[in-house]
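Enquirer: So that we are looking at the same thing, I have put the structure below in structure tokens.
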Amino acid sequence: MLAMLCLAAFSALAIAAEEAPKPFVPVEGQAGKDVVWVPTPHVLVEKMLDLAKVTEKDFVMDLGSGDGRNIIAAAKRGARGIGVEWNQDMVEYSRRMAEKEGVADKAQFVQGDMYEADISKATVLALFLLPENLERLKPKFLALKPGSRIVMNAFDIPEWKPDVTERAEGDCGAWCTAHLYIVPAKVEGKWKLTGGELTLQQKYQTLTGTLALNGKRAQLKDAKLEGDRIKFTAGGVTYVGRVNGNAMSGKTKGSSGGAWSASRAL
């Protein structure tokens with residue numbers, strides 16, 4: 045009788061073990077809501093975070109975060125981060141990986157639609173998305189605080205030229221190109237200077253325009269933005285400065301170096 049009871053108990057345990065679900069493990073190429081999942085090589089993840097100069101002061105987000113590797117790698121650098129992922133199994137897997145790597149206190153993962161996610165607090169976005177996804181998200185990108193960094197694997201944001209493009213070296217066989225975008229301040233329009241007017245046309249970080257000063261008008265040369273930093277040359281004088289909402293100020297370099305400032309003409 046005892047032997048029969050033991051056999052029955054063993055059989056029940058064996059059946060339960062067979063019926064217990066196996067932990068989810070992602071498979072490259074698996075379908076997602078908006079894209080199939082293809083992991084970014086770890087060496088490129090590090091290159092992306094290097095380009096963005098991620099530190100413990102940053103708040104990093106990933107949209108369509110997959111297995112969580114971008115956010116986990118950022119957390120290992122001391123940054124806080126959130127990955128937004130549609131597939132709940134992937135969310136749970138990412139949480140397990142963050143726990144395993146000892147960064148669950150910094151790396152969080154939530155189930156959600158990347159197009160609906162609030163990214164306004166992010167200082168860095170680390171992404172691997174298709175051009176059509178990036179085009180749809182572009183208005184949200186441009187609404188980020190000037191100087192916020194966007195780094196991504198392989199694909200450009202349509203019509204927006206990256207500030208930096210680099211390839212990962214070493215153990216990287218495919219998907220080895222990283223792009224960095226620095227969100228530019230919004231400066232298009234007319235600005236009033238003492239004795240003159242600055243007129244700017246803006247396409248992302250690239251600027252064109254004119255400076256009318258003391259009765260003379262000059263075309264801008266080498267004009268560009270890097271976040272809230274502005275630089276242009278007009279009439280042989282180079283202007284460098286920072287934009288702060290409806291004001292900008294800085295220093296000039298040239299024959300008459302000194303301070304300059306401008307306010308938006310409202």
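Each residue of the sequence shown is one higher than the one before, starting from 45 at the first, in my numbering. The beta carbon of each residue, even a glycine, is placed where N, CA and C say it ideally should be. Note that the structure is predicted; figures quoted are calculated from it, not measured.
(1) Do the CB positions of A306 and T296 come within less than 9 Å of each other?
(2) From L169 to G280, what distance separates their C-alpha atoms?
(3) If I measure Cβ to Cβ from T277 and keep anything under 8 Å in the same chain, skipping five residues before and after, which residues do I get?
(4) Helix, strand or coil: which one does DSSP assign to M158?
(5) Per DSSP, what kind of secondary structure is Q91 in: helix, strand or coil?
(6) Extract the residue ranges of the beta strand (DSSP E) inside the segment 261-289, only unbroken runs of 3 or more that lie entirely within it.
(7) Using CA atoms only, rank isn't needed, just tell me which of I115, W204 and F103 is closest to E143.
(8) Just how far apart, CA to CA, sit K165 and F103?
(9) Do P206 and E179 have their C-beta atoms closer together than 9 Å?
(10) Leaving out five residues on either side along the sequence, give the residues of the same chain with a beta carbon under 6 Å from the beta carbon of D272.
(11) To the nearest angstrom, report how far apart S300 and N290 are at their CA atoms.
(12) Just to confirm, is the Cβ distance from C220 to P85 under 9 Å?
Expert: So, from the listed chains and residues:
(1) no
(2) Going from the Cα of L169 to the Cα of G280 covers about 38 Å.
(3) Result list for T277: L264, K265, D266, A267 and Y283, in chain order.
(4) coil
(5) For clarity, residue 91 is Lys in the given sequence; the question names Gln instead. It is helical.
(6) 265-270, 273-278 and 281-288
(7) For the options I115, W204 and F103, the alpha carbon positioned closest to that of E143 is the one of I115.
(8) So the alpha carbons of these two residues sit roughly 7 Å apart.
(9) No, the pair does not count as a contact, with Cβ atoms beyond the cut-off.
(10) Cβ neighbours of D272 beyond the five flanking positions: P190, G191, A229, R286 and V287.
(11) 25 Å
(12) Yes; because the gap between Cβ atoms is below 9 Å, this pair is in contact.
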